[in-house]
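Inspection log for the structure reproduced underneath, given as structure tokens.
Protein chains: 2
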Amino acid sequence: MPRKPSYDRDALIAQARDIFWRQGWAGTSLKDLERALNLKPGSFYAAFGSKDALYALTLERYAQDGVARLMAMADEMGPLRALKAQPHLVIDAGAVPTHACMLAKTYAELQAKGHELADKASGHMVEMKECFATLFRRAQQAGEIGPDHDPDRLAARYQSDILGLRLSAERNDVNAAEIAADIASDLDRL
Amino acid sequence: MPRKPSYDRDALIAQARDIFWRQGWAGTSLKDLERALNLKPGSFYAAFGSKDALYALTLERYAQDGVARLMAMADEMGPLRALKAQPHLVIDAGAVPTHACMLAKTYAELQAKGHELADKASGHMVEMKECFATLFRRAQQAGEIGPDHDPDRLAARYQSDILGLRLSAERNDVNAAEIAADIASDLDRL
DNA sequence: GGCTTTCTTGAGTGATCACTCAAGTATATA
DNA sequence: TATATACTTGAGTGATCACTCAAGAAAGCC
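So the sequences go chain by chain: A and B. In case it helps, the working numbering puts the first sequence at residues 5 to 194. In case it helps, the working numbering puts the second sequence at residues 5 to 194.
This is the structure in structure tokens:
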């Protein structure tokens, strides 16, 4: 009996993610979204409920994709090589709308206001950090890095470096590839 | 003949800087500023011209203070010790309204829209990077770090690390002091 | 084809945005 | 004390914000 929506919800979320990622929360108006997703206000709210609800969906999508990509890479080439490849991947992926991490941008923008989206972004960053820690732990068990390192501490430093790298990659006066190479080569000294 | 303003312009700029620094550009409304600076709209616009003009003033103040503080420290304790102290200083200074770098936050928020404040922030980050490079160069001339390092490359990596550290310090699930210590100790291996 | 159910449409909501301006007030000089 | 010259005040500007809702259009089942 019902009528089907004329749009692909997943594709819409991916599109919205790219816009939010680039322009931020306050920097993206409903008009921007309506134009890009080709949805009138009524359809938008029927489909997603609110701007914040859609933003939360795109954050989840972003975080899930990031973890999945890294874990798949680790399964393929081993934990240490995956960690060494990651810095280069996050800055040269030409398909990416912007280099800086969407979770970090969201957190930085909304944390001061106590916005719930900042908490969600924070949660996803914790997941990502634990993902890094898991890979460091595996690398340690495989003997690829020394036994007297704390994987959690390595993960925190690594994540911090990646966040800085991705922000640096947004600048055109910085050679991000050199920084990425330096971050990767640091892992050889562990 | 004229009448003097009842406020201290410099103090107002410092106050505005702290608000912009914490809440960002879009996150700070004129109402916020009017309330905090105790200025009615008319006085605000007579004094500063526009929200963007005041923001630009606060950016300049922020950048100048940062460079001056680091350079003074370098004069006092030498370039390498200053570079090693900086990571701890930027995260524990209890007087600071927020840990993340205001230049980086501004750039991340406004770059996608091509806002001129993003360009100004970018320019100030370049100044800061050159300041780091100068200190690395001095340290190298003093024999404190090996002769086969490129001071500009070291400065870019160092700045990237600091940006990541300062963003990490905003999070409450991260031990920023450990990361700061690791960044500082990396300098010993140069 | 008729009917139900959902999706689509777009004008319209009140709130808030950055900003203006004319009237009122205080002060430094003469 | 008189006057000129600012500074202060706050109601008000049009624009844009996220969001609503009632009416119309289209698709699936009988």
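Backbone N, C-alpha and C define an ideal beta-carbon position, used for all residues, glycine too.
- Annotated three-state conformation of Trp29/B is coil, per DSSP.
- Sequence-ordered contacts of the stretch 120-149 of chain B with chain A read Ser126, Met129, Val130, Lys133 [C-beta pairs closer than 8 Å].
- Between Leu158/B and Leu84/B, the C-beta gap is not smaller than 9 Å, which leaves the two residues out of contact.
- Distance between His103/B and Ser10/A, taken at the CA atoms: about 46 Å.
- Counting only runs that start and end inside the stretch 136-186 of chain A, there is no beta strand (DSSP E) element of at least 3 residues.
- Interface criterion not met: the Cβ of Asn42/A is under 9 Å from no Cβ in chain B.
- Interface flag for Gly28/B against chain A is set, since a Cβ pair is found closer than 9 Å.
- The three-state secondary structure of Gly53/A, taken from DSSP, is coil.
- Look at Gln115/A: its C-beta is under 9 Å from a C-beta on chain B.
- Contact between Cys135/B and Val71/B holds: their C-beta atoms lie close to 5 Å from each other, under 8 Å.
- DSSP places Ala112/B inside the alpha helix (DSSP H), whose first and last residues are 106-114.
- Linking Arg175/B to Ala108/B through their CA atoms gives a straight-line distance of about 16 Å.
- Shortest Cα-Cα distance from Ala57/B to any of Ala184/B, Val178/B, Phe24/B involves Phe24/B.
- If you look at Leu87/B, you'll find it in the alpha helix (DSSP H) that goes 83-96.
- Put simply, the backbone Cα of Arg170/A is about 48 Å away from that of Lys8/B.
- Rounded to the nearest angstrom, the gap between the Cα atoms of Glu148/A and Asp154/A is 14 Å.
- Gly46/A carries a helical assignment under DSSP once its states are collapsed to helix, strand and coil.
- Across the structure, Gly28/A and Pro151/A are spaced so that their CA atoms are roughly 41 Å apart.
- Looking from the CA of Phe52/B, the closest CA among Arg141/B, Ala137/B, Ile17/B belongs to Ile17/B.
- Below the 8 Å Cβ cutoff, chain B contributes no neighbours of Gly82/A, its closest Cβ being approximately 24 Å away.
- Think of a sphere of 8 Å around the beta carbon of Thr102/A: the chain B residues whose beta carbon falls inside it are Ala116, in chain order.
- Under the 10 Å beta carbon count, Ser172/A is surrounded by 16 or more other beta carbons and is classified as buried.
- When the Cα atoms are used, Leu74/A and Ala50/B turn out to be separated by approximately 54 Å.
- Scanning chain A for C-beta atoms nearer than 9 Å to the C-beta of Lys109/B yields Ala112, Glu113, reported in chain order.
- The Cβ of Ala67/B sits no closer than 9 Å to any Cβ of chain A.
- In this structure, the beta-carbon distance from Thr110/A to Ala125/A falls below 9 Å.
- Classified as exposed, Glu131/B has fewer than 16 neighbouring CB atoms from the shown chains inside 10 Å of its CB.
- Short of 7 Å from the beta carbon of Lys88/B, and not among the five residues preceding or following it, lie these beta carbons of its own chain, in chain order: Ala188, Leu191.
- For the pair His119/A and Leu37/B, the Cα-to-Cα distance works out to about 20 Å.
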